[in-house]
Amino acid sequence: MFDTVTRRQDEVRARTLVGPRVTEALLRKSFAREELERLSPRNPSPPREQLDALLGDERFKPRATFTDSPTARAVITRPYQVMDGHAFIPKPDRHLHVLGPPYTDVWMSQRVSGEVATIQNLTANRQTGNLGYFMGSADGATSAGAGVWTEFVPTRDTQAQTRAYAPFNYQYDLRSQYGYTAHGHGGFGILVLSWNRDGTGRAKDLDHRYRTWADGTGWWDHHTNPSDPSPDDDNAYLYGHEAPYFNVRADRIYRVCFWAFGSGDSGGGYFGNAVSVSVLNAAIRFVVIGEQ
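Numbering (the working numbering), first residue to last: 63 to 354.
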C-alpha cells in the first residue's frame with residue numbers, strides 16, 4: 063500500500079513546510095506512518111507572539127501604512143451584492159481606510175482530543191499578518207483558529223465593507239482503513255465588533271465565514287488536496303467569498319478580525335485507525351475598509 067509513497071518520499075521531503083515534525087507518538091500510532099512523516103513540517107519556526115484577544119480598554123490607534131496601488135485597486139473594486147439579506151447595488155466607495163501591519167492584536171485558539179492528535183505551529187503574528195497551523199490525528203480530533211485584529215472609526219453614518227489582500231496555501235491528507243472514517247476542513251472568516259467611544263454598548267456587527275475545502279474518507283479511501291504532493295494556493299475573501307456590507311456609525315469604534323480556521327478527526331478501534339492531516343499558511347498583507 064505504501065509503494066507510491068515510498069517512491070516519491072525523497073521528492074516530497076524537499077518541500078518547505080514551516081515548523082517541527084509531527085510527534086513520534088502520532089507516527090507510531092498511524093498505519094500510514096510514511097504519509098504522516100512526509101506531511102509533517104520540517105523546519106522549526108521562530109517563537110511567535112501570542113496575545114489575548116480580549117477587547118479590554120484599549121483606545122483606537124489608527125493606522126494607514128499602504129498607499130493606493132494596482133493590487134489595492136483590485137481588492138477595493140470587488141463589492142458584495144448583499145446587505146442585511148436584501149439585494150444591494152453599491153456605488154463606488156466614497157472613503158477608504160487602508161490598514162496594514164503591525165496590526166492591533168492577535169487571536170489564537172486550539173482544541174485537541176482523542177487517542178493520538180496534535181496541533182503544531184499555530185501562528186498569528188501582528189507584525190507580519192501571518193496566520194497558520196499544522197494539525198494531525200490518528201484516532202483523535204483537532205480544531206484551531208488564528209487571526210489578526212485591526213480597528214477603524216467611520217467618517218460618517220453609512221455602510222462599510224471589510225476586505226483584505228490575503229494569499230494562502232494549504233495541503234491535506236485523509237486516509238481510512240477497515241471502515242474507520244477521517245474528515246477535515248479549513249476556511250476563513252471576518253468578525254466585526256464595535257463599541258461607543260466611552261467603551262459602552264459593545265455589539266457584534268458581522269460574523270462572516272466560509273470553507274475553502276472540506277473532505278472526508280471511509281472504508282479504504284485516500285483523499286488529498288488537488289495538487290498533492292504540492293500545496294494548493296489561492297486568495298481569501300474574493301471570488302464570491304466577499305463579506306457583506308454592514309451599517310456603521312461615526313460615533314463608534316470598530317474592531318475587525320481576519321481569521322483562519324480548520325479541524326480534523328479520525329476514527330480508530332481494534333483493527334487500526336484512520337488518519338487526518340492538514341496544514342494551512344496565510345498572510346493578511348493589508349486591509350481595506352470601504353465606506354459607501
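Note that CB positions come from ideal geometry on N, CA and C, so glycine has one too. This one's a predicted model, so the numbers in the text were calculated from it and none came from an experiment.
- Between the C-alpha atoms of GLY324 and ARG347 there is a straight-line separation of about 20 Å.
- DSSP places PRO229 within a strand segment (E or B) once states are collapsed to three.
- When THR286, VAL350 and ASP260 are compared, the shortest CA-CA separation from TYR234 is found for THR286.
- Annotation: TYR227 to TYR307 spans about 17 Å, alpha carbon to alpha carbon.
- Around ASP277, the same chain offers TYR234, LEU236, HIS245, GLY246, HIS247 and HIS285 as residues with beta carbons nearer than 8 Å, after the five sequence neighbours per side are excluded.
- Rounded to whole angstroms, the separation of the alpha carbons of TRP275 and HIS303 is 13 Å.
- Remark: fewer than three beta-carbon pairs, one from each stretch, lie closer than 8 Å, so the segment 199 to 215 and the segment 264 to 273 are not flagged as touching.
- Selection THR212, TYR232, LEU184 and ALA186 evaluated against ASN297 yields TYR232 as nearest (Cα-Cα).
- When C-beta atoms of the segment 255 to 262 are compared with those of the segment 334 to 351, fewer than three pairs fall below 8 Å, so the two segments do not count as touching.
- Counting other Cβ atoms within 10 Å of its Cβ, HIS159 reaches 16 or more and is therefore classed as buried.
- Secondary structure note for THR185: its beta strand (DSSP E) is the uninterrupted segment 179 to 186.
- Nearest in C-alpha terms to ALA345, of all of GLY280, PRO229, GLY331 and GLN221, is PRO229.
- In the three-state scheme derived from DSSP, where H, G and I count as helix and E and B as strand, THR279 is classed as strand.
- Take ASP295, set aside five residues on each side of it, and the residues of its chain with a beta-carbon closer than 6 Å to its own are ASN231, in chain order.
- Exclusion of the five residues before and after THR190 leaves PRO163 and ALA345 as the residues of its chain whose Cβ lies within less than 8 Å of its Cβ.
- Nearest to TYR299 by C-alpha distance, out of ARG225, PHE196 and GLY331, is ARG225.
- For TYR316, the enclosing beta strand (DSSP E) begins and ends at 314 to 328.
- As the crow flies, the alpha-carbon of SER199 is around 13 Å from that of GLY334.
- Put simply, the backbone Cα of GLY331 is about 13 Å away from that of TRP281.
- Annotated three-state conformation of ILE252 is strand, per DSSP.
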